[in-house]
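Written below as structure tokens is the structure these notes are about.
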Amino acid sequence: MLLLANLLFDSDKQTLTDARTGEQHSLSFSENAVLKHLILAEGVATKTDLQSAGWPNRNATDASLNQCISTLRRKLASDESIELKTIPRHGYALNAPQATKQNKNPRTTLTIKAMVILIFLSIIIAVIGYRQWQPSSVNLPFTLCKQHPLTAVIEATSEDHCDSLPLPIINPSQPQWLGQHNHYYSLAMCPEGDCAQTGLLNTVSHNALISSVQLQQLTQKIQLTTTPSRNQLTLPKAAVQTTELTEQHYNNYIYYPTESGDIVRVDFRMALLYNEDKAGIMTVDACISLLNCDGASIQFQARYQFNEQQIEQEGHNISVFFMTVDHQHLTPDQHLGKQGELFTFYSSLRRSLLFDNDIRYYRLQDDEHYGVWQLPLLGNPVAWLHRQQLAL
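Take the sequence shown: its position 36, counted from the start at 1, is 195 in my numbering, and no numbers get skipped.
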């Protein structure tokens, strides 16, 4: 058992516990072995040595090691004094200045045992007194800008300012949400004026905000599409009520017009089920295709455990959902290679599955009929989703 600053590393149980809060992280076999090797190295550990330690009798790839290091950094992040550094062209080094190793000295052993007892007492206190999970602080990756009827969600690191946003000229009397992330612009609006039930439209364009002409062309193409949806649910009235076990459903389409004139459609649905205050299960289902799911398509399904925290910004109560992955499945169609626009989407999702350990969903607005979300899809779009409740 090793003490790394304020974190207790139990190699036998494959756990990492914060001595201050009692928060505990389980470690996989590879994470446990790599962390142990980094500690014993007392300096730079080469990639080859770490791969041999984490994946014995296997030919581990650099991608596997990179993913393991990324996950360890996230689990070590609660103690800012611990650094897991990348040493270019050599490997990695763990800098934990207060690291203490257990030895056979009886006094040291007794001290560590006492510390373990204190840690478990703090865990009990944390469970009894603080049932609600909360990170110490949350920095939003975006800034809200309000210019009626527009609410814009722009990158916190963007050089754009609220007074220089590209304002949509489409139905200026209707509420609209604009999102800007890297070179993607998303627009969520209700062009028909009935935001509660019909007319919600979500578009994502590359390099520039969609124009009124492009929007009109998009609307015409959508109206000609007759393929039924996989994920847009219409629940019977008997099912839409509030009980002890009520699932919240959000669904809608998100359209990505491409430079070639095609339109990628994301048929999106997610469901939230709270099993505790501010915590529960989220499932996500998306079919990504060229306006229908009959041709080449991508199927994405995921199940998460979430913890929710609320933050107020510009008068909006923003809910941040921190995700722990139960499982994620990404299934491309065998003809995907023939559709370049879909392959861009597939590559983005694939990278996220391999390397993104910090998955967050942001709910920007919510009422009984709809919710506005920022979703971790291509371009981090802001989307206006229909909302229903299902009594289970």
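Where a beta carbon is used, it is the ideal one built from N, C-alpha and C, also for glycine.
All values reported here derive from a predicted model rather than from experimental measurement.
Flag residue i as yes if its beta-carbon sits less than 8 Å from any beta-carbon of chain C, otherwise no.
{"i": "Asn-539", "result": "Going by chain labels, chain C is absent from the structure shown, which holds only one protein chain."}
With respect to the alpha helix (DSSP H) encompassing residue i, which residues constitute its N-terminal and C-terminal limits?
{"i": "Ala-190", "result": "The displayed chain sequence assigns Glu, not Ala, to residue 190. First-last of the alpha helix (DSSP H) with Glu-190: 188-200."}
{"i": "Gln-376", "result": "371-382"}
{"i": "Ile-228", "result": "221-235"}
What do you get for residue i, buried or exposed, if any count of 16 or more other CB atoms within 10 angstroms of its CB means buried?
{"i": "Phe-234", "result": "Correcting the residue type first, residue 234 is Lys in the shown sequence and not Phe. Buried: at least 16 other Cβ atoms inside 10 Å."}
{"i": "Thr-176", "result": "buried"}
{"i": "Ile-287", "result": "Unreliable positioning characterises Ile-287 in this predicted model, as indicated by a pLDDT of 47, which lies under 50. The coordinate reading is nonetheless provided below. Exposed: under 16 other Cβ atoms inside 10 Å."}
{"i": "Val-193", "result": "buried"}
{"i": "Glu-467", "result": "buried"}
{"i": "Phe-514", "result": "exposed"}
{"i": "His-117", "result": "A question about residue 117 goes unanswered here, because the residues of the chain that appear run from 160 up to 551."}
{"i": "Asn-366", "result": "exposed"}
{"i": "Ala-204", "result": "buried"}
{"i": "Leu-404", "result": "exposed"}
{"i": "Asn-539", "result": "buried"}
{"i": "Val-312", "result": "buried"}
Grouping DSSP H, G and I as helix and E and B as strand, with all else coil, what is residue i?
{"i": "Gly-213", "result": "helix"}
{"i": "Leu-536", "result": "coil"}
{"i": "Asp-485", "result": "strand"}
{"i": "Ser-240", "result": "coil"}
{"i": "Arg-179", "result": "coil"}
{"i": "Asp-169", "result": "strand"}
{"i": "Arg-248", "result": "coil"}
{"i": "Ser-419", "result": "coil"}
{"i": "Asp-515", "result": "coil"}
{"i": "Leu-162", "result": "strand"}
{"i": "Leu-551", "result": "coil"}
{"i": "Leu-337", "result": "strand"}
{"i": "Leu-360", "result": "strand"}
According to the Cβ coordinates, are residue i and residue j closer than 8 Å?
{"i": "Gly-202", "j": "Ala-252", "result": "yes"}
{"i": "Ala-445", "j": "Asp-421", "result": "no"}
{"i": "Asp-485", "j": "Gln-464", "result": "yes"}
{"i": "Leu-549", "j": "Gly-530", "result": "no"}
{"i": "Val-541", "j": "Ala-347", "result": "yes"}
{"i": "Leu-303", "j": "Gln-472", "result": "yes"}
{"i": "His-475", "j": "Leu-523", "result": "yes"}
{"i": "Tyr-159", "j": "Met-482", "result": "The shown model of the chain, from 160 to 551, leaves out residue 159, and the question about it has no answer."}
Can you name the start and end residues of the beta strand (DSSP E) that residue i belongs to?
{"i": "Asp-525", "result": "518-525"}
{"i": "Ala-430", "result": "422-435"}
{"i": "Ala-347", "result": "343-348"}
{"i": "Ala-367", "result": "Counting along the chain, Ala-367 falls outside any beta strand (DSSP E), and DSSP gives it neither H nor E."}
{"i": "Asn-410", "result": "405-416"}
{"i": "Asn-466", "result": "456-472"}
Three CB pairs or more closer than 8 Å across the region 357-366 and the region 409-419: Between the region 357-366 and the region 409-419 there are three or more inter-stretch CB-CB distances shorter than 8 Å, so the stretches are counted as touching.
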